[in-house]
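In our numbering, each number is its position in the sequence shown, counted from 1, plus 122. Accompanying notes for the structure given below.
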Amino acid sequence: MFLANTQKGTPKGVPLFHGVGARGFWQFFAFLAIIIIGLFKRILGLNMLILLAFACLKWWKKMMVDVDEIENQTQRRE
């Protein structure tokens with residue numbers, strides 16, 4: 123995965139979040155997701171929550187494809 127790219131002295135973790143390692147970032151992300159799911163479940167109900175989850179999954183897959191393309195381009199340059 124793209125988070126494991128630590129060779130050649132590159133900084134560990136997600137470059138967008140300076141000072142926060144990859145593990146800390148994902149723990150924080152999961153914590154936020156649990157809180158948000160709890161709030162939305164109260165407000166919207168289960169059906170809307172399921173639709174929201176599918177939308178998030180589609181967006182996540184698109185983001186992962188973009189990250190893979192960027193990673194492939196950087197590997198080609200090296």
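Just so you know, even glycine gets a beta-carbon here, dropped at the ideal spot from N, CA and C.
> Hey, would you say L174 sits closer than 7 Å to K163, going by beta carbons?
Replying inline: Counting from 1 along the sequence shown, the entry for residue 174 is found at position 52. Counting from 1 along the sequence shown, the entry for residue 163 is found at position 41. No, the pair does not count as a contact, with Cβ atoms beyond the cut-off.
> What three-state label does DSSP hand G160 in the structure shown?
Replying inline: Translated into positions along the sequence shown, residue 160 becomes position 38. Correct three-state label for G160: helix.
>> With a threshold of 8 Å on Cβ separation, who are the neighbours of I159 within its own chain once the five nearest residues in sequence on each side are excluded?
In response: In the sequence shown, counting from the first residue as 1, residue 159 sits at position 37. Result list for I159: L171, in chain order.
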